[in-house]
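Below is one structure, written out as structure tokens; the observations come after it.
Residue numbers (the working numbering): 5 to 94.
Printed below as a string of structure tokens:
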């Protein structure tokens, strides 16, 4: 949500996977991202992978969990304080 905006430079961009609560400020652009968008357009997912591999898009993963530990991942997320994403791997 809007709590991330102080960490973004003026005129910067924020990619969000959930609805953004609040109003952008200081010329910051909010970019909604949906995995479905990347699956519908051929080459779009590959282009995203190229950005990651080239270091132009940083991913912050705090931890990964197998499906049988999904409950633990959700509990950790609910406690707060997680920096990065908790990922369920299949």
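By construction, the Cβ of each residue, glycine as well, lies at the ideal position given by its N, Cα and C atoms.
- Each residue's CA atom was taken as its position, placing residue 42 and residue 77 some 25 Å apart.
- Looking at the DSSP output, residue 68 shares a beta bridge with 91.
- Bounds of the alpha helix (DSSP H) holding residue 50 are 48-57.
- Less than 8 Å divides the Cβ of residue 65 from the Cβ of residue 88.
- Taken through DSSP and simplified to helix, strand or coil, residue 8 comes out as helix.
- Between residue 7 and residue 31, the CB-CB gap reaches or exceeds 8 Å.
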